[in-house]
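Worksheet: one structure, shown below.
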Amino acid sequence: MGYWPSYSEISASSRATYLEWLRSGRNDTAYNPGYLFLYFYGLERRFCENFSGTEEKNIIFDEVKRLRSLFQDNYSVQKYLGNFIDYASVVLGRGEDNYLLTRRYEIGLPLSLRVSVGIFLEQEKPLDAEIVFQWWRLHPESQVRTVARRCPDEFQALFREKFVSRYPKGLNVSKPKRVLKGTYEAASSEFTFDFTPKIGGKELADISNLKKPVTIAQEIADEAMNELDRFSRYLSRNPEGRGSVEAQALLPKELWKLFPSEELDALSGWAGAIINDGGLVSLVDVIYRLEGAYPEKVGKRQLSDAADALARLGAGMAPDPRFSLRSPKVGDPVVLFKLPDDDIHLGDVTDRYRAALIQLAVGTFVAQADGTVVPSEEAALKNAIAGQADLTPAEQARLLANLKWLLMVPPDMSLLRGKLKAATPEQQKAIRDFAVTMAHADSLLRPEEVGGIEKIYKALGVDTADVYSDIHSTVFRDVPVTVRAEQKARNGETLPAEEGSPLKLDAGRIAAIQSDTASVSSVLGSIFGNELADEDDEIEVSSDSGSRFAGLSAGHAAFLSDLILRDHWTDEEFDGLAGRHKLMVAGCLEAINEWAYARFDDALIEEYDGYDLNIDVVQELRESV
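Heads up, the sequence shown is in the UniProt record's numbering, so the first residue is 1 and it goes up one at a time.
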């Protein structure tokens with residue numbers, strides 16, 4: 001049968017098959033959908049041309065809804081029968097909630113939604129969150145990202161919360177002068193029916209061209225999608241993870257009362273107790289609390305998810321895997337600390353913060369070179385943090401927690417070496433000055449610390465002979481200090497002995513450290529600013545009303561437009577289609593699947609005995625047309 005079958009034109013065997021399908025109850029979806037359309041064409045004509053009364057129209061309406069539910073995976077059935085149901089629900093006065101089940105198949109808003117909004121305006125009622133959400137959802141220019149598709153219940157709930165917060169009494173919309181006119185174009189293409197919907201004998205306003213309510217709804221939707229981003233990313237990596245403690249912790253706080261979790265409350269209490277006890281805790285204990293099992297190994301994604309989940313509870317974790325020189329390993333401790341209120345955006349840090357973190361690693365490496373970090377050296381490192389006026393209180397809190405971790409888990413020179421080797425002469429000078437100043441923090445310069453500075457100079461590509469001239473150029477005392485142990489020699493000037501503990505940090509030295517801190521941070525930012533945040537972000541692409549497949553080249557977009565017409569292609573057919581578009585097969589597969597992953601978190605084309613299209617992805621593409 002052709003695409004628009006006609007009983008008078010189909011073969012005798014097709015007629016016999018059609019009659020058998022009718023006789024068997026019109027339920028068997030194994031039959032060609034064309035037989036359903038033959039039956040439906042008769043139903044829509046009888047309904048529209050007033051051959052039937054209201055009672056029969058209701059019977060036809062219910063029958064079409066039943067037929068549509070049988071062929072849920074058939075794009076044409078969903079589209080054309082859905083259009084009829086939308087129109088018929090308005091005619092019968094059964095359209096109040098029909099738009100809730102409507103998908104965006106056609107250009108323009110569903111008639112049932114336009115009628116529902118028109119009734120609000122006619123009655124001079126403000127629009128509630130539900131009707132505004134549906135208006136936005138079904139609008140052809142709405143921009144819906146993957147997060148809203150992956151987390152529909154959470155997204156709609158958060159949209160509602162934010163709408164009510166903005167408009168507690170509802171959104172007032174002025175009634176446009178244009179009158180609503182309805183048009184039904186028959187699926188058979190044999191007739192068109194025009195009518196004017198009314199309520200209480202009054203015509204309704206047509207809201208089709210109103211822009212401001214949709215713009216407002218898009219702003220609220222964007223805010224909700226942004227706040228659900230980390231929750232969505234977690235579910236993309238853990239499809240069965242909804243309801244887990246980690247997933248619950250990633251939900252925005254507005255949703256916690258709507259999606260309650262006793263386990264989440266217990267996690268919050270546990271983290272608070274750890275922080276009150278100093279913050280140190282085993283990494284595997286953190287993962288166990290979140291996932292319910294002790295890990296054999298921990299990946300960067302897992303650590304990022306843990307840091308994000310704890311942040312939702314007001315707890316930070318150091319080191320943060322997005323910025324640290326290395327992530328903690330199984331067996332390492334981590335440091336939990338209290339985040340300032342509402343400081344949950346862990347990825348939003350300045351280049352100055354990134355640079356200060358590297359600076360702490362350099363300073364800690366030098367301070368630990370002799371195997372001991374004395375109080376004055378720790379105080380110097382803390383003063384280095386306090387001396388940076390451009391750091392926010394939240395960034396300073398994070399740096400102090402990272403300092404505690406660095407003192408527990410010393411930095412490895414091999415990790416620093418790769419970062420330092422690209423420094424410019426100006427940057428080298430700033431790093432050298434800070435390293436030498438840090439070595440003087442405890443008023444004692446030990447051979448091991450000199451050796452640590454030499455390693456840093458080597459990583460910078462600087463002659464280690466410069467270490468000694470730099471050391472002596474930054475000495476603050478009027479007398480020389482011991483660099484290497486005294487040996488018997490000819491009589492000469494006696495060197496003063498090393499000072500004992502406890503030590504007091506010289507005020508001039510503090511000022512020098514803080515000054516060097518500001519200098520080294522500014523140049524380190526240009527070295528490390530772009531390299532530290534190396535998390536592989538999941539790309540979210542908004543729908544673009546100006547292009548069906550925004551993000552693809554014109555050639556690949558045209559290829560994809562033809563490709564989604566069918567669910568399966570043989571090898572020969574796929575090669576031929578690529579050839580017609582002057583594209584290489586391998587290039588098509590790679591470009592389109594990468595685009596699909598970015599937009600839907602899944603591949604579109606699957607190679608197996610030809611080429612199958614992912615039904616979930618292709619359905620969304622067809623709906624967006």
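Ideal placement from N, C-alpha and C gives every residue a C-beta, glycine not left out.
Where residue i falls: helix, strand or coil (DSSP)
i	result
Ser52	coil
Phe434	helix
Met317	strand
Gly182	strand
Glu203	strand
Pro502	Per-residue confidence for Pro502 stands at a pLDDT of 37, beneath the threshold of 50, marking its modelled position as unreliable; the derived number appears in the next sentence. Coil, per DSSP.
Trp595	helix
Asn569	According to the sequence shown, residue 569 is Trp rather than Asn. Three-state result, Trp569: strand.
Tyr611	strand
Thr153	Note on residue identity: the sequence assigns Asp, not Thr, to residue 153. Of the three classes helix, strand and coil, the one that applies to Asp153 here is helix, per DSSP.
Glu240	coil
Pro333	strand
Ile605	strand
Ser282	strand
Thr364	helix
Thr196	coil
Leu391	coil
Lys582	coil
Exposure of residue i, with buried meaning 16 or more beta-carbon neighbours within 10 Å
i	result
Ser304	buried
Gly243	exposed
Leu258	exposed
Ile431	buried
Gly82	buried
Arg178	exposed
Met584	exposed
Ile59	exposed
Pro321	buried
residue 626	Absent from the model: residue 626. The displayed extent of the chain is 1 to 625, so no value can be given.
Gln284	Just to set this straight, residue 284 is Val in the shown sequence, not Gln. Classification of Val284: buried, given that the 10 Å Cβ count is 16 or more.
Thr570	exposed
His568	exposed
Residue i versus residue j - alpha carbon distance
i	j	result
Thr183	Thr196	9 Å
Arg114	Lys65	20 Å
Leu43	Ser52	10 Å
Asp470	Leu280	37 Å
Arg477	Asp390	Any answer about Arg477 is weak, because its pLDDT of 43 lies below 50 and its placement is not dependable; what the coordinates show is given next. About 31 Å.
Asn172	Pro126	5 Å
Gln72	Leu310	41 Å
Gly241	Glu620	23 Å
Trp4	Leu563	21 Å
Phe574	Ile592	14 Å
Ile274	Ala435	33 Å
Asn614	Val373	59 Å
Ala307	Leu70	46 Å
Thr364	Gly371	11 Å
Ser561	Pro239	29 Å
Gly299	Thr464	37 Å
Pro176	Leu210	8 Å
Phe231	Leu264	15 Å
Ser189	Asp128	37 Å
Ala401	His139	48 Å
Gly108	Ile216	18 Å
Gln368	Arg312	34 Å
Leu360	Ala384	8 Å
Option nearest residue i by Cα separation, candidates the options
i	options	result
Ala221	Tyr41, Asn614, Arg145, Leu210	Arg145
Tyr75	Ala439, Glu203, Arg566, Ser11	Arg566
Ala397	Leu339, Thr364, Arg15, Asn383	Leu339
Val462	Phe434, Pro425, Ala439	Pro425
Arg166	Leu255, Glu219, Lys329, Gln388	Glu219
Lys169	Arg160, Lys175, Thr364	Arg160
Thr192	Val618, Glu227, Phe84, Met225	Phe84
Leu204	Glu185, Lys181, Thr215, Ser189	Lys181
Gly576	Gly610, Ala550, Ala596	Gly610
Phe559	Glu122, Lys582, Leu92	Lys582
Gln123	Val132, Leu92, Ser174	Ser174
Leu336	Gly314, Ala355, Val349	Gly314
Gly587	Pro410, Arg599, Ala557	Ala557
Gly316	Glu291, Ala271, Pro328, Gly93	Ala271
Test: residue i CB closer than 7 Å to a CB of chain B
i	result
Ser69	Considering every chain present, this structure includes no chain B. It has just one protein chain.
*Can you give, in chain order, each stretch of the alpha helix (DSSP H) that sits fully within the UniProt domain "TerB N-terminal" (1–147) and has at least 4 residues?*
Restricted to the UniProt domain "TerB N-terminal" (1–147), the alpha helix (DSSP H) segments that are unbroken, complete and at least 4 residues in length are 12–23, 33–48, 54–70, 75–91, 111–122, 129–138, listed in chain order.
*Which residue spans inside the stretch 218–268 form an unbroken alpha helix (DSSP H) run of at least 4?*
Within the stretch 218–268, the runs of alpha helix (DSSP H) that reach at least 4 residues and sit entirely inside it are, in chain order, 229–237, 245–250.
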